[in-house]
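Engineer: Just add 6 to wherever you are in the sequence shown, counting from 1, and you've got our numbering. I am attaching a structure below and will ask some questions about it afterwards.
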Amino acid sequence: MTETPREATEPLREDIRLLGGILGQIVREQAGDDIFDLVEKARVESFRVRRSEIDRAELADMFTQVATGDTIPVIRAFSHFALLANLAEDIHRERRRAVHVAAGEPAPDSTLAATFAKLDAADLDREVVATALRGALVSPVITAHPTETRRRTVFDTQTRITELMRFRERTALTESEIADVDVRLRRQILTLWQTALIRLSRLRIQDEIEVGLRYYDAALFEVVPTINAELRNALQARWPDTDLGREPILRPGSWIGGDRDGNPNVTADVVRQATSRAAATAVEHHLCELATLERELSMSARLVTVTPDLDLLAAASKDDSPFRADEPYRRAVRGIRGRLTATALRILGEVPAYALDLGLAPYDSPREMLHELDVVDESLRRGGDGTIADDGLARLRESVDVFGFHLSGLDMRQNSEVHETVVAELLAWAGVHPDYTSLSEDERVELLTAELSTRRPLTAAKAEFSELTTKELAILEAGAEAVRTLGSGAVPNYIISMCTSVSDMLEAAILLKEVGLFDPGPGENPSCPVGIVPLFETIEDLQHGASTLEATLAIPLYRALVASRGDSQEVMLGYSDSNKDGGYLAANWALYRAELDLVEAARKTGIRLRLFHGRGGTVGRGGGPSYEAILAQPPGAVAGSLRITEQGEVIAAKYAEPRLAQRNLETLLAATLEATLLDVEGLGAAAEPAYRVLDELAALARRAYSELVHDTPGFVQYFEMSTPVAEIGALNIGSRPASRKQTTSIADLRAIPWVLSWSQSRVMLPGWYGTGSAFEQWTAGDPEKVATLSRLYDTWPFFRTVLSNLAMVMSKSDMGLAARYSELVPDEGLRQRVFGKITEEHERTIRMYKTITGNDTLFADNPGLERSVHNRFPYLEPLNHLQVELLRRYRAGDDSDQTRRGIQLTMNGLATALRNSG
């Protein structure tokens, strides 16, 4: 019997009622009847607002006379509910997937099972697959973000609540056992209530490093090795006698502690901490797994036969305990554990948890440790113990293979302007040129190329430089130390922000040469373990990115460097700044066009291109469903490799626990395989006409966006007053300054506070503004042009994804709430002028979306989002009203700790509820 939509979602509503009911009881007990009554009244009135039974102003008026101290528990109540509702929705998604599997339905898109079914149907040539997937890499790169600052206690409590909810549903329990589970749920929710959601002090980079590392113990240590093994087995089963999957394809990365673009808090000590803490996390994991393995591999030599190599390994452990004399596997594993302990002392300078000091020699590399684990594996399999080898030992071998001793690659990033300043000072000090900045681009390239051809340094041990140069060289040296100590995987890439020229690329190489990473080599054979990665960010830079890359590759020395790295060149694309620069549609199309041009440049120069997508959590920063986004890339842009940033509260939503991580990592891999091996664009001969249409639309959209953001007098003032952007900088949210420079320019404002501010005020402007005007002006009422856009929506994944993401972000916008924020702008004329344009464009964009897609609502292709908005968004309403009220008080001079904390809490609560807000 087929379930109705209402029946299918009833378990979700039951879960929300259960969790919400427990939370309500706790609020009453802990905060008192008055606060509970205020929370309950706000909840009821919010639903009445949704049903249009009362005016929104009536709800807002509820909070105008509430004491600031009393707003705090109200904010916390609605924030906690949003968090619990997120958990309930995640569990419901698992529930629905299980229902579909039990019904025998085909595996859904975005799973590896579905992808391999498609690949099987395509009957792909073995050589084509082997070539396309040579050097394959899928790397989600975790970055720091001001809205993802949940404390470890909150994080762990969420996990326990999730596990209890799963246990409650999937286990046959008696009534008394259910009651016991509910008591345990209550205990966890009470702990959640009594734990501060945010810290009182500003988050330091050191804290952000720890936040990023927590996801390994939470999920990645369990999931990443398993997926890599499954993927390798699936590939080799289909295309045997290939090296497919021999190297781990899935390899996480990090920016936290290495990204110093506009962040003065990143120092050499921070880089050392980021790399050493990552290494300690990996080594401790391996040691813990070895300790477990040692307990499990209790087989006696009297009962099993082992290989000679295993006997040698056991003897090398120097374990002379009579209790283990006939337990060769235990002695062998103890020896491996002892050597890893010695390795930890060498690379970390300290003894980690689960260490075992046996006085053995350290490993030179993870490969050496892996070889010894392989000896154990081979012996078990030869003795008929393959089932045992396939358990903990297999997981450990996969873990060492992918995480090594470094855990994950830390990318380093700096702005090209800083490189220019530092290189100019070095060249002047060394007597190479007194004023590098006065040179033309051609002169710079000639000078830099000459310097890169010699091992002559530009510095000396006792040289004195400016504070900036001294700091930059120290940071680079810390990165070089990590590479020498932990291997090239520790710092795999050096990214150049705002890269606009060949000299920008070569300046980075000069700096890497100064710390011994770039080596000119003999006979014009340069090498560098760290990849030099240009980041093209603005629309203009994206448009010229391919020509910049080609010009750099035309330099024999740089082309030789790329050849030494397997002819592989990575390029990073900036989604955030391009959107802030030109608006949603123009930025998306500039990125697509840039990828097409870069693919062609790679073909002409004979290199293998790898693209690194600098996406944020929001649609305004390139976010949205990962599977669709990857399939929407142009032909040739994926080519077996994908690096992508994971930011903000999206990290917790994807990687907080193993099942979430499994699903989301599978999605990245599935889409990468399909985009590489199948024709997913599907335009064929219609590609060029479609591209011309988007060229015209993008130009119109950028013009409309610029007219508001860059050309409207007073727009910056409106933005600052109608959103909490100023408070993001003032209230110690995140370790990074809100702006790259101390200016009020939109261009200098970081993309995160730009997008986060519009999200908090529920305008969501970066995810849609200008698109409606472009569609309306281009079609000009012509049915044939509307039909053209409708056809592109039906047939072109890129265009469909653009509109789908637009609908998703607009469904989270609310012009009624945005109007409340606009009232914070004291200049009535400015308020009416700017907000009037925003509301008009909002209405226009929704109207044109419906016209082009034929959809009646914004939710037509996303019923899950419709359910989420219906169930949860009324609970956001009080948070927005309270934020407006507290911003009003704060700006009127109420600088109390309670007011500041209340604003922070509303930001945190809204970010949690919206899930992809910044």
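Cβ coordinates follow ideal geometry from the N, Cα and C atoms, glycine included.
When DSSP labels each residue in this structure, what does threonine 624 get in the three-state scheme?
Structural biologist: Because threonine 624 sits at a pLDDT of 47, beneath the cut-off of 50, its placement in the model cannot be relied upon, and the following sentence gives the value as read from the coordinates. Three-state DSSP puts threonine 624 in coil, outside helix and strand.
Engineer: When you compare each of Ser582, Gln668 and Thr197 to leucine 762 by their alpha carbons, which one comes out closest?
Structural biologist: Taking only the C-alpha atoms, the option nearest leucine 762 is Ser582.
Engineer: Just the C-alpha distance for arginine 192 and leucine 830, rounded to the nearest angstrom, thanks.
Structural biologist: Roughly 40 angstroms separates the two Cα atoms.
Engineer: Nearest-angstrom Cα distance between threonine 117 and threonine 859?
Structural biologist: Computed Cα separation, rounded: 27 angstroms.
Engineer: Can you check DSSP and say which residues form a bridge with valine 147?
Structural biologist: Note: valine 147 sits in a beta bridge opposite Gly259 and Thr651.
Engineer: Work out the CA separation of aspartate 380 and arginine 252 for me, nearest whole Å.
Structural biologist: Between arginine 252 and aspartate 380, the C-alpha separation is close to 14 angstroms.
Engineer: Given this structure, state the Cα-to-Cα distance separating glycine 908 from lysine 47, to the nearest angstrom.
Structural biologist: In a straight line, the C-alpha of glycine 908 is about 19 angstroms away from that of lysine 47.
Engineer: Whole-angstrom Cβ separation of leucine 376 and valine 406, contact assumed at under 8 angstroms?
Structural biologist: Indeed, because the Cβ distance is near 5 angstroms, the residues count as touching under 8 angstroms.
Engineer: Ordered along the chain, which non-local residues of its own chain (more than five positions away) have a Cβ less than 7 angstroms from that of arginine 850?
Structural biologist: Within the same chain, arginine 850 has close Cβ partners Gly778, Ser779 and Glu782.
Engineer: Run the CB neighbour count on aspartate 21, radius 10 Å, all protein chains shown included, and call it buried at 16 or more, exposed below.
Structural biologist: Label assigned to aspartate 21: buried.
Engineer: Within its chain, find whatever has a CB closer than 6 angstroms to the CB of leucine 3; leave out the 5 residues flanking it on each side and keep chain order.
Structural biologist: Since the displayed the chain opens at 7 and closes at 924, residue 3 lies outside it and no answer follows.
Engineer: Tell me the DSSP bridge mates of valine 874?
Structural biologist: Valine is not the amino acid found at residue 874; the sequence shown has serine there. Paired residues: none, contrary to the question.
Engineer: With DSSP run on the structure shown, which of helix, strand or coil describes leucine 293?
Structural biologist: Of the three classes helix, strand and coil, the one that applies to leucine 293 here is helix, per DSSP.
Engineer: Please report how far the alpha carbon of asparagine 271 lies from the alpha carbon of alanine 480, in whole angstroms.
Structural biologist: Roughly 14 angstroms between the two C-alpha positions.
Engineer: Going by the DSSP bridge assignment, what does tyrosine 500 pair with across the sheet?
Structural biologist: Tyrosine 500 is bridged to Met418 and Ile538.
Engineer: Taking C-alpha atoms, which residue in Asp717, Thr673 and Pro562 lies nearest to alanine 119?
Structural biologist: If we check each option's Cα against that of alanine 119, Thr673 comes out closest.
Engineer: Expressed to the nearest angstrom, what Euclidean distance is found between the alpha-carbon atoms of glutamate 846 and glutamate 713?
Structural biologist: Taking the straight line from one Cα to the other gives about 14 angstroms.
Engineer: So valine 722 and isoleucine 752 are in contact, right, with Cβ under 8 angstroms, and what is the actual spacing, rounded?
Structural biologist: Correct: roughly 6 angstroms between the Cβ atoms.
Engineer: Measuring alpha carbon to alpha carbon, tell me which residue in Thr794, Val160 and Pro631 is nearest tyrosine 697.
Structural biologist: Checking every option, the nearest Cα to that of tyrosine 697 belongs to Thr794.
Engineer: Let me know if glutamine 889 comes out buried or exposed under the rule of 16 or more other beta-carbons within 10 Å of its beta-carbon.
Structural biologist: By the neighbour-count rule (16 or more Cβ atoms within 10 Å), glutamine 889 is buried.
Engineer: Looking at C-beta atoms only, is the number of pairs between the region 316-330 and the region 444-453 that lie closer than 8 angstroms three or more?
Structural biologist: The region 316-330, when compared against the region 444-453, does not touch it at the 8 angstroms Cβ threshold.
Engineer: Determine, using beta carbons only, whether tyrosine 590 and tryptophan 802 come nearer to each other than 8 angstroms.
Structural biologist: Going by C-beta atoms, tyrosine 590 is not nearer than 8 angstroms to tryptophan 802.
Engineer: Would you call the region 101-112 and the region 207-227 touching, i.e. three or more CB-CB distances under 8 angstroms?
Structural biologist: Touching, no, given that fewer than three Cβ pairs across the two stretches are closer than 8 angstroms.
Engineer: Do valine 80 and leucine 44 have their C-beta atoms closer together than 8 angstroms?
Structural biologist: Cβ distance < 8 angstroms, so valine 80 and leucine 44 count as in contact.
Engineer: Note the first and the last residue of the continuous beta strand (DSSP E) segment covering serine 632.
Structural biologist: No beta strand (DSSP E) holds serine 632; the alpha helix (DSSP H) holding it covers 632-637.
Engineer: Residues in the same chain with beta-carbon distance under 7 angstroms from alanine 607, minus the five sequence neighbours each way, listed in chain order, please.
Structural biologist: Cβ within range, chain order: Ala552, Leu555 and Glu556.
Engineer: Quick test of your reading: valine 33 and alanine 83, contact by CB under 8 angstroms. State the CB separation rounded to the nearest angstrom.
Structural biologist: Confirmed, about 5 angstroms.
Engineer: With DSSP collapsed to three states, give me the class of phenylalanine 879.
Structural biologist: Reduced to three states, the DSSP call for phenylalanine 879 is helix.
Engineer: Count the CB pairs spanning the region 673-686 and the region 642-661 that are closer than 8 angstroms, and state whether there are at least three.
Structural biologist: Cβ pair count under 8 angstroms is three or more, so yes.
Engineer: Could you give the distance in angstroms between the alpha-carbon of leucine 196 and the alpha-carbon of serine 902?
Structural biologist: C-alpha separation (whole angstroms): 27 angstroms.
Engineer: Using C-beta distances below 6 angstroms, list every residue in its chain close to threonine 785, excluding the 5 sequence neighbours before and after it, in chain order.
Structural biologist: So the list reads Lys791 and Val792, once near-sequence residues are dropped.
Engineer: If I measure Cβ to Cβ from threonine 857 and keep anything under 7 angstroms in the same chain, skipping five residues before and after, which residues do I get?
Structural biologist: Taken in chain order, the residues that qualify are Val792.
Engineer: Let me check understanding here. Comparing Cα to Cα, which of Gln575, Arg461 and Leu474 lies closest to glutamate 520?
Structural biologist: Ranking the options by Cα distance to glutamate 520, first place goes to Arg461.
Engineer: When the distance is taken between beta carbons, is serine 422 closer than 8 angstroms to aspartate 510?
Structural biologist: Taking 8 angstroms as the Cβ cut-off, aspartate 510 and serine 422 qualify as a contacting pair.
Engineer: Roughly how far, in whole angstroms, is the beta-carbon of serine 819 from the beta-carbon of valine 769, given that I think they are within contact range, below 8 angstroms?
Structural biologist: Confirmed, Cβ separation roughly 6 angstroms.
Engineer: Would you list the residues sitting across from glutamate 663 in a DSSP beta bridge?
Structural biologist: Beta-bridge pairing links glutamate 663 to no other residue.
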